[in-house]
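Heads up, the thing below is written out as structure tokens.
Residue numbers (the UniProt record's numbering): 1 to 145.
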């Protein structure tokens, strides 16, 4: 089964240059705990050029640490790192701005097309026994359906 954290760091390492960070240079180390072990990744950014190493060795501007399982929703774009920090699920040591830089490297939340939501609502209403009119009649008469 694919590991979302390994996949995230592998994709980040392949990303090469991130134009959004073209004027930024810094580094961060991730220390993720699971089953009594700590896994480390080091992410270096040099004028937008990304480099990821698995060992996590060397000096860094910030260390982001926490339980490995808590990073999964972050790398999937379902949770913002700042929210996890405010809930005390991850810790940041060093330059806090690196947490904000991390947000620039993460995928956004999965979106939904609003037309799909409207189509689903219409489908539910048309499949109701009264053809979707029960709600409207109840609203006019003041009674509940």
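Even glycine gets a Cβ: it sits at the ideal position worked out from N, Cα and C. Keep in mind the model is a prediction, meaning the values are calculated, not measured.
Which of helix, strand or coil DSSP assigns to residue 15: Three-state result, residue 15: coil.
Coarse secondary structure for residue 69, derived from DSSP in three states: In the structure shown, the three-state DSSP call for residue 69 is helix.
Simplified DSSP state of residue 22, which is helix, strand or coil: It is coil, neither helix nor strand.
Nonlocal neighbours in the same chain, by C-beta distance under 7 Å from residue 70, ignoring five residues either side: Correct list, in chain order: 84, 89, 90.
When 116, 118, 51 are compared against residue 13, the one with the closest alpha-carbon: Answer by Cα proximity: 51.
Separation of residue 62 from residue 98, as counted between CA atoms: Spanning the two alpha carbons is a distance of roughly 6 Å.
Assumed close pair residue 28, residue 60 - CB separation to whole angstroms, cut-off 8 Å: With 8 Å as the limit, residue 28 and residue 60 qualify as a contact, their Cβ atoms being about 6 Å apart.
Whole-number beta carbon distance between residue 65 and residue 31, since they are thought to touch under 8 Å: Taking the Cβ atoms as the reference, residue 31 lies roughly 4 Å from residue 65, within the contact range of under 8 Å.
Residue from 81, 95, 44, 67 with nearest C-alpha to residue 58: Ranking 81, 95, 44, 67 by Cα distance to residue 58 puts 44 first.
Pair within 9 Å by beta-carbon distance, residue 75 and residue 24: Taking 9 Å as the cut-off, the Cβ atoms of residue 75 and residue 24 do not count as close.
Rounded straight-line distance, which links the Cα of residue 92 to that of residue 38: Cα to Cα, the separation comes out at about 16 Å.
Residue environment, residue 42, which counts as buried when at least 16 other CB atoms sit within 10 Å: The residue is buried, with at least 16 neighbouring Cβ atoms inside 10 Å.
3-residue-minimum beta strand (DSSP E) runs that sit fully inside the UniProt domain "SCP2" (19-106), ordered along the chain: As far as the UniProt domain "SCP2" (19-106) is concerned, its whole beta strand (DSSP E) runs of at least 3 residues are 25-34, 37-46, 49-53, 62-67, 90-94.
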